[in-house]
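Going by numbering that gives the first Met the number 0, the sequence shown opens with residue 0, and the numbers climb by one from there.
Here a beta-carbon is modelled for each residue, glycine too, at the ideal position from N, C-alpha and C.
No experiment lies behind these values; they were computed from the predicted model shown.
See structure below.
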Amino acid sequence: MASLRVPSVQHLARNWRDEPITIAKALVRLAENPPTFNYNPLFGALRDYLMLHVPYEDVVAGIAAIKRVAVRENLLGVMPLIREHFDGVSPEFFQGVDRRYYPVGRGLMVPFEPPMIYGIGGQLYFPWFSFWRRNPLSDERLSLFVTLVEEILLQDPDLESARFEILDFSSSDAKSPRMLRVIDARDVPRLSEERKRQMLECFAEGYFQALAMLATKAKETAPSERPDAPRPDPLQPDLF
Numbered sequence: 000m001a002s003l004r005v006p007s008v009q010h011l012a013r014n015w016r017d018e019p020i021t022i023a024k025a026l027v028r029l030a031e032n033p034p035t036f037n038y039n040p041l042f043g044a045l046r047d048y049l050m051l052h053v054p055y056e057d058v059v060a061g062i063a064a065i066k067r068v069a070v071r072e073n074l075l076g077v078m079p080l081i082r083e084h085f086d087g088v089s090p091e092f093f094q095g096v097d098r099r100y101y102p103v104g105r106g107l108m109v110p111f112e113p114p115m116i117y118g119i120g121g122q123l124y125f126p127w128f129s130f131w132r133r134n135p136l137s138d139e140r141l142s143l144f145v146t147l148v149e150e151i152l153l154q155d156p157d158l159e160s161a162r163f164e165i166l167d168f169s170s171s172d173a174k175s176p177r178m179l180r181v182i183d184a185r186d187v188p189r190l191s192e193e194r195k196r197q198m199l200e201c202f203a204e205g206y207f208q209a210l211a212m213l214a215t216k217a218k219e220t221a222p223s224e225r226p227d228a229p230r231p232d233p234l235q236p237d238l239f
């Protein structure tokens with residue numbers, strides 16, 4: 000049976016649709032065809048480059064050692080944009096942030112794990128990295144994401160004053176190179192409380208529909224025992 004992981008806040012926003020059944024179908028496809036790699040090496044590279052002051056060429060060499068060609072080229076395509084954005088940036092501190100959870104509804108708690116925060120001149124920066132090459136968050140999905148993240152940040156006295164930026168490393172089409180677009184979260188329209196509630200209820204319903212659909216598929220594909228098949232004699236020892 001394909002396993003449906005609880006989506007993170009950003010994946011909730013990205014997979015949101017107008018109807019629960021559409022969300023369910025999207026989540027089922029994701030469970031049956033999960034991503035074959037992640038962008039975690041880039042966070043390690045960023046830490047080495049910004050905080051440990053590892054030379055850029057050495058950071059790139061570490062990524063270039065990844066054996067899978069498609070993964071390696073994907074990650075290497077992001078590195079020049081990271082260097083350009085953080086060129087001349089010297090954080091006074093750099094640290095990870097503990098995972099938090101956002102209650103979506105019906106007992107569904109989605110994780111939110113910021114990659115890092117850093118401080119410069121008394122200003123705390125909270126960058127969110129969107130490494131999706133295609134279909135980044137936009138319009139109402141982007142508003143949903145920013146609205147939820149802002150709520151999470153405001154619950155933490157250490158983070159409520161952080162400058163929240165989204166670094167979007169997507170490309171305009173399949174043949175174009177990636178470009179970096181920096182989105183100041185203050186410029187993103189927030190959802191009303193009512194609209195946020197509607198969207199979260201819709202997602203929660205779609206999520207549980209997806210679980211039910213996967214369970215049904217698992218039953219349909221499970222090997223069934225023929226009623227006329229001979230049953231082993233419980234008193235007869237196994238051959239081995």
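Query: Thinking G118 and E150 are a contact (beta carbons under 8 angstroms), I'd like their distance in whole angstroms, please.; Result: Contact doesn't hold; Cβ gap of about 22 angstroms is too wide.
Query: Quick one: grab the DSSP three-state call for D256.; Result: As shown, the chain starts at 0 and ends at 239. That puts residue 256 outside it, with no answer to give.
Query: At which residues does the beta strand (DSSP E) containing I65 begin and terminate?; Result: No beta strand (DSSP E) holds I65; DSSP gives it neither H nor E.
Query: Flag this pair as yes or no: are the beta carbons of Y124 and A161 separated by less than 8 angstroms?; Result: yes
Query: With distances taken from CA atoms, which of L152, E31, A64 is nearest E112?; Result: L152
Query: Confirm, please, whether the CB-CB distance from R177 to L41 is below 8 angstroms.; Result: no
Query: Once you ignore the five residues that flank D138 on each side, which residues in its own chain have a CB closer than 8 angstroms to its CB?; Result: none
Query: Return the residue from the list L75, V70, T220 that minimises the CA-CA distance to E56.; Result: L75
Query: Under 8 angstroms between C-beta atoms, does F125 make it to chain C?; Result: Absent from the structure is chain C; it holds one protein chain and no more.
Query: Provide the residue span of the beta strand (DSSP E) that contains P241, from first to last.; Result: With the chain running from 0 to 239 in the structure shown, residue 241 is simply not present.
Query: Inspect the beta-carbon positions of S169 and R133 and report whether they are closer than 8 angstroms.; Result: yes
Query: Please state whether DSSP places D287 in a helix, a strand or coil.; Result: With the chain covering 0 to 239 only, the question about residue 287 has no answer from this structure.
Query: Is it true that the CB of L210 sits closer than 8 angstroms to the CB of R13?; Result: no
Query: Would you call the CB atoms of L166 and V181 closer than 8 angstroms?; Result: yes
Query: For the beta strand (DSSP E) containing L26, list its first residue and its last residue.; Result: From DSSP, L26 is part of no beta strand (DSSP E) but of the alpha helix (DSSP H) over 19 to 31.
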